[in-house]
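Counting in the UniProt record's numbering, the sequence shown runs from 1 upward without gaps.
Note that CB positions come from ideal geometry on N, CA and C, so glycine has one too.
A quick note: this is a predicted structure, and the numbers were derived from the prediction, not measured.
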Amino acid sequence: MTVLEIENNLHNLVANLDKENFIFELLLAYGIPKATIKRLQGSDHDKLTSYGELVMRKKLFFKVTDNELHATIDELKSSKEVLKHLPRFVLVTDYETLLAYDVKTGDSLDIELLNIINHYDFFLPLAGMEKATFTDENPADVKASLKMAKLYDELQKNNRFETKEEVHSLNVFLTRLLFCYFAEDTNIFEDNIFTASLSSHTQIDGSDLDAYLQRLFTIFNTPNTKREPNTPAYLNAFPYVNGGLFALHVKLPTFTTRSRSLILEIGQLKWSQINPDIFGSMIQAVVTPEHRGGLGMHYTSVPNIMKVIEPLFLDELYQEFEKAYDHKSKLQDLHVRLSNIKIFDPACGSGNFLIIAYKKLRELEMSILQHIDALSHERSFQFSEIKLTQFYGIELDDFAHEVALLSLWLTEHQMNLEFYKAFGRTSPSLPLHDGGHIVHGNATRINWEEVCPKNDKDEIYILGNPPYLGARLQNKEQKADMAEVFQGVKNFNNLDYIACWFYKGTNYIKNTHAKVAFVSTNSISQGEQVGILWTHILDENIEIDFAYKSFKWQNNAKANAAVIVVIIGLRNSSNKPKYLYIDNIKQEVKNINAYLVNAENIIVQKRSQPRQRIPPLVFGNQVIDGGNLILQEDEKNEIVALYPSSEKFFRRLYGGEDFIKGFVRWCVWVKKNQLEEALAIHALKEKFEKTKQYRQSGGEVARSLVDIPYRFRYVHEAKNNLLVLPRTTTERRDYLPIGFLDNNSIVTDAIQVIYDPEIYLMGILSSKIHMLWVKIVAGRLKSDLRYSNSLCYNTFPFPNISQNQKDEITEFVFGILDEREKHSQKTLSYLYDPDKMPEGLRKAHHALDKAIEQCYRTKPFESDEERLEYLFKMYEEMTKDKK
Numbered sequence: 001m002t003v004l005e006i007e008n009n010l011h012n013l014v015a016n017l018d019k020e021n022f023i024f025e026l027l028l029a030y031g032i033p034k035a036t037i038k039r040l041q042g043s044d045h046d047k048l049t050s051y052g053e054l055v056m057r058k059k060l061f062f063k064v065t066d067n068e069l070h071a072t073i074d075e076l077k078s079s080k081e082v083l084k085h086l087p088r089f090v091l092v093t094d095y096e097t098l099l100a101y102d103v104k105t106g107d108s109l110d111i112e113l114l115n116i117i118n119h120y121d122f123f124l125p126l127a128g129m130e131k132a133t134f135t136d137e138n139p140a141d142v143k144a145s146l147k148m149a150k151l152y153d154e155l156q157k158n159n160r161f162e163t164k165e166e167v168h169s170l171n172v173f174l175t176r177l178l179f180c181y182f183a184e185d186t187n188i189f190e191d192n193i194f195t196a197s198l199s200s201h202t203q204i205d206g207s208d209l210d211a212y213l214q215r216l217f218t219i220f221n222t223p224n225t226k227r228e229p230n231t232p233a234y235l236n237a238f239p240y241v242n243g244g245l246f247a248l249h250v251k252l253p254t255f256t257t258r259s260r261s262l263i264l265e266i267g268q269l270k271w272s273q274i275n276p277d278i279f280g281s282m283i284q285a286v287v288t289p290e291h292r293g294g295l296g297m298h299y300t301s302v303p304n305i306m307k308v309i310e311p312l313f314l315d316e317l318y319q320e321f322e323k324a325y326d327h328k329s330k331l332q333d334l335h336v337r338l339s340n341i342k343i344f345d346p347a348c349g350s351g352n353f354l355i356i357a358y359k360k361l362r363e364l365e366m367s368i369l370q371h372i373d374a375l376s377h378e379r380s381f382q383f384s385e386i387k388l389t390q391f392y393g394i395e396l397d398d399f400a401h402e403v404a405l406l407s408l409w410l411t412e413h414q415m416n417l418e419f420y421k422a423f424g425r426t427s428p429s430l431p432l433h434d435g436g437h438i439v440h441g442n443a444t445r446i447n448w449e450e451v452c453p454k455n456d457k458d459e460i461y462i463l464g465n466p467p468y469l470g471a472r473l474q475n476k477e478q479k480a481d482m483a484e485v486f487q488g489v490k491n492f493n494n495l496d497y498i499a500c501w502f503y504k505g506t507n508y509i510k511n512t513h514a515k516v517a518f519v520s521t522n523s524i525s526q527g528e529q530v531g532i533l534w535t536h537i538l539d540e541n542i543e544i545d546f547a548y549k550s551f552k553w554q555n556n557a558k559a560n561a562a563v564i565v566v567i568i569g570l571r572n573s574s575n576k577p578k579y580l581y582i583d584n585i586k587q588e589v590k591n592i593n594a595y596l597v598n599a600e601n602i603i604v605q606k607r608s609q610p611r612q613r614i615p616p617l618v619f620g621n622q623v624i625d626g627g628n629l630i631l632q633e634d635e636k637n638e639i640v641a642l643y644p645s646s647e648k649f650f651r652r653l654y655g656g657e658d659f660i661k662g663f664v665r666w667c668v669w670v671k672k673n674q675l676e677e678a679l680a681i682h683a684l685k686e687k688f689e690k691t692k693q694y695r696q697s698g699g700e701v702a703r704s705l706v707d708i709p710y711r712f713r714y715v716h717e718a719k720n721n722l723l724v725l726p727r728t729t730t731e732r733r734d735y736l737p738i739g740f741l742d743n744n745s746i747v748t749d750a751i752q753v754i755y756d757p758e759i760y761l762m763g764i765l766s767s768k769i770h771m772l773w774v775k776i777v778a779g780r781l782k783s784d785l786r787y788s789n790s791l792c793y794n795t796f797p798f799p800n801i802s803q804n805q806k807d808e809i810t811e812f813v814f815g816i817l818d819e820r821e822k823h824s825q826k827t828l829s830y831l832y833d834p835d836k837m838p839e840g841l842r843k844a845h846h847a848l849d850k851a852i853e854q855c856y857r858t859k860p861f862e863s864d865e866e867r868l869e870y871l872f873k874m875y876e877e878m879t880k881d882k883k
């Protein structure tokens, strides 16, 4: 059941409202089988005769009433008689107003019944789809991040942070400062003692602030029993902290009136409301951009982290909590299970993922303990069994590694305070003790099992947001990392750096109960990378557990990052459900392949020839001339003005950008029988000589062309016309910018071409369904699509069609060309910009799309996902036939 189908069903339901059958029609609209509906009608759970109720276990409780609707639903949603059926929804209506309550999420609906179509997504769980919801950003986090970045900027004005030691000293200082802010606002220190002490015992101009802080940091590292007898009372009032945080002596910055004022101002923020994952944002504000970008260190927002941890493990744990809700022993077993879970982030940065995972497990634990107390009718005296030692990480950057340890400890303290509020007891805060198992090192080189040991029955979840880095952006060290990880894997040097984590993660979880989920750039599931990487993953009895299709990954850091990413979760093969998230809609699917499509595990392989009986798509003409045979228009005109007889030796030249953006270039085009006449023109002869010199000093191919300096390496021409397709195009476009050129045009190898084609072929290549295939299987040049004849054209599943269908498609192609001609002053780049495309051209393409899709099947496709699923089924059949 697709969303569009549900919308259409609801339109019909509203247009033909039948009160007696409304609830049954609603269930049918969301894909509940007719056989199930028939069993409901007249059963013990159906008491709907005029006014009454209907129960569908685990789905809904429905009641019709003339009484006050809000009072009725309030009574029903807390009724044991209702809840014993475990309904997802409680609905109440008088057939004018509809009230609904989602038992799982706590969301409610209060609408006119006929307006249900505008709220279709509320009931999507009936169709097996979840509307994914995420916690909003915490405003206090954002405010603190900006304030700390402002302090850093102010410190830079009066200090030099150039060497590694200087930057490290600054980072250590900021880490200690953050700790002190937390400590004085969360009952670790006396309330406001740190900020008040700075205000009272340092000069307004900040001149002695560094000396004061240095002395205070020494106090934090000295047990009370070992402090100097003459230590002032205002310093002795501070507790012993230790834990390594204040052990290292580092040089502190020089302060001014302004920086001191900012430190005191920041101390007034409500630090008890701030999440320790703010530390990631602090790192982004203080380390150098080169350092930050190279390590992939960026602050990850809580809502984005939840997109990883919920489907990876948290949703399933809450389902178990619901199942055990009325059974004390089962709740106790679940509590024991939580205390044995291991969470491992092998690119943990400042610990964002580990922090949020820890907090969510502690929150679930408190709910479990509270419910055990309720079932026991007495208060237990259990403490938290979830320890920081269950959390593991690897981080390359030394400072981020230290921050991760501190962040986890602060998170533990925050959750202990929450535990105290709920149960009236908690563990002591100071002195600091050992935190998580966070290792400083290179995750591509370290044996993960040495960091996070695994036993056969261990429940381990590996997660994170590793560095992306495309194949062409990796430095020497990273390329060496790739070679170390992918020993024996062909073409690994074309993979993104993040592939290391997927590959090592696969080897780690193989034949265990462990699972892994990483955020990744979407290129990992597109083009040639799929064939290189995923065969080595899916052939290991590993499958994709869940996946988020492409979306923008943004955060609240000072330099806000936004890249297109996917989230992919892996597990050992299982009969458990698999979920695909598209635009935050969760849908159960049969399988998720490496392209993140609900289809079989198929890898699209390069082909040298098309599968159908269609002409080949080939590269344009390769030049290898050092630029000597290609001219801008003014240079060509100058030569023609001097030598009028030379005009016949020039042809209009098109590369990809010339064709799309309307640039004008020319090339020298001399055939062998014209060479003597061309050599008589001095300007041309000079170009041939320069081309010869260039080729003589070139590689093997260039040197093989020395004897023909008057021509390109390849000299293909069309008899009538050329159908041209640039090799590179932006993925923003809905359609490929392709078209025809006359037989006097020459194209470079930046274009792929079909010489003298049938017109209908442009219709196939111009279709939306072809563009969907290209976006899935094409390679990438940075973020642009890299169209490949062997991966895109030769593999595209297209059915055999009749001559009548070809003629029909041809007419639609002419319609598109006519619409382009109406805007002949505009370039293809403009016409195919999705934000600027003329409406007439868009309609012409829609008409073509309809005709192309009729070639596949008579029933219209409801969504792009359905189109891709159909294409992969066709591709599977085509490859089976070939085998």
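### Nonlocal neighbours in the same chain, by C-beta distance under 7 Å from Glu862, ignoring five residues either side
Thr2, Leu4 and Glu5
#### Entry: Short Cβ contact (7 Å threshold) for Ile386 with Leu361
yes
#### Entry: Identified DSSP bridge partners for Phe89
Leu60 and Asp102
### Task
Could you name the residues of the same chain whose beta carbon sits closer than 7 Å to that of Asp46, not counting the 5 residues immediately before and after it, in chain order?
Leu40 and Leu54
### Query
Is it right to say Ala557 is buried, meaning 16 or more other beta carbons lie within 10 angstroms of its own, or is it exposed?
Any reading at Ala557 must be qualified, since the residue scores a pLDDT of 45, below 50, and its modelled position is unreliable; no value is offered.
### Task
Report all residues from its chain with a CB closer than 8 Å to the CB of Leu364; omit the five preceding and five following residues, and keep chain order.
Leu314, Leu317, Tyr318, Phe321 and Leu338
### Same chain only: Cβ atoms within 7 Å of Gly655, ignoring 5 sequence neighbours per side
Thr748, Ala750 and Ile751
### Query
What is the rounded straight-line gap between the Cα of Gln612 and the Cα of Leu828?
29 Å
### Message
For the stretch 777-795 against the stretch 574-583, do three or more pairs of beta-carbon atoms, one drawn from each stretch, fall closer than 8 Å, so that the two count as touching?
### Response
no
### Query
Between Ser78 and Asp153, what straight-line distance do the alpha-carbon atoms span, to the nearest angstrom?
54 Å
### Where the beta strand (DSSP E) through Thr728 begins and ends
Thr728 to Thr730
### Task
On the DSSP bridge assignment, give the partners of Thr748 in chain order.
Asn621
### Query
Between Arg227 and Ala237, what straight-line distance do the alpha-carbon atoms span, to the nearest angstrom?
12 Å
#### Entry: Val706 in three-state terms, based on DSSP
coil
### Message
Taking only three categories from DSSP, how would you classify His45?
### Response
coil
### Query
Which class does Arg695 belong to by DSSP, given the choice of helix, strand or coil?
helix
### Task
Could you tell me the distance, in whole angstroms, from the CA atom of Glu717 to the CA atom of Glu588?
52 Å
### Message
Are the CB atoms of Lys59 and Leu86 within a distance shorter than 7 Å?
### Response
no
### Task
Could you please give the first and the last residue of the uninterrupted alpha helix (DSSP H) stretch that includes Val403?
Asp398 to Phe423
### Query
So Val92 and Thr72 are in contact, right, with Cβ under 8 Å, and what is the actual spacing, rounded?
5 Å
### Query
Whose C-alpha, out of Gly739, Lys549 and Tyr694, is nearest the C-alpha of Glu865?
Lys549
### Query
What is the DSSP secondary structure of Leu469, counted as helix, strand or coil?
coil
### Task
In the DSSP assignment, find the unbroken alpha helix (DSSP H) run with Thr521 in it and report its ends.
Run containing Thr521: none in the alpha helix (DSSP H); it sits in the beta strand (DSSP E), Lys515 to Thr521.
#### Entry: Leu312 vs Tyr420 beta-carbon contact at 7 Å
no
### Residue environment, Gly488, which counts as buried when at least 16 other CB atoms sit within 10 Å
exposed
#### Entry: Cβ distance (whole Å) where Ile663 is taken to contact Pro726 below 8 Å
The amino acid occupying residue 663 in the given sequence is Phe; Ile does not appear at that position. Going by Cβ atoms, the distance from Phe663 to Pro726 rounds to 12 Å, so no, they are not a contact pair.
### Message
Using only the alpha-carbon positions, how far apart do Lys672 and Leu679 sit?
### Response
11 Å
### Message
Using the Cβ count rule (16 or more neighbours within 10 Å means buried), how would you classify Asp849?
### Response
buried
### Query
Taking C-alpha atoms, which residue in Thr65, Lys692 and Leu722 lies nearest to Phe712?
Lys692
### Task
Out of Ser169, Leu675, Asn800 and Arg215, point me to the one whose CA is closest to Pro253's CA.
Ser169
### Any 3 or more C-beta pairs closer than 8 Å across the stretch 474-491 and the stretch 538-546
no
#### Entry: Contact check, Glu876 vs Ile602, beta carbons under 7 Å
yes
### Task
Please work out which residues of its chain come closer than 6 Å, Cβ to Cβ, to Thr65, disregarding the five sequence neighbours upstream and downstream, and give them in chain order.
Thr72
### Query
What three-state label does DSSP hand Phe353 in the structure shown?
helix
### Query
What is the DSSP secondary structure of Phe313, reduced to helix, strand or coil?
helix
### Query
Between the beta-carbon of Val668 and the beta-carbon of Leu629, is there less than 7 Å?
yes
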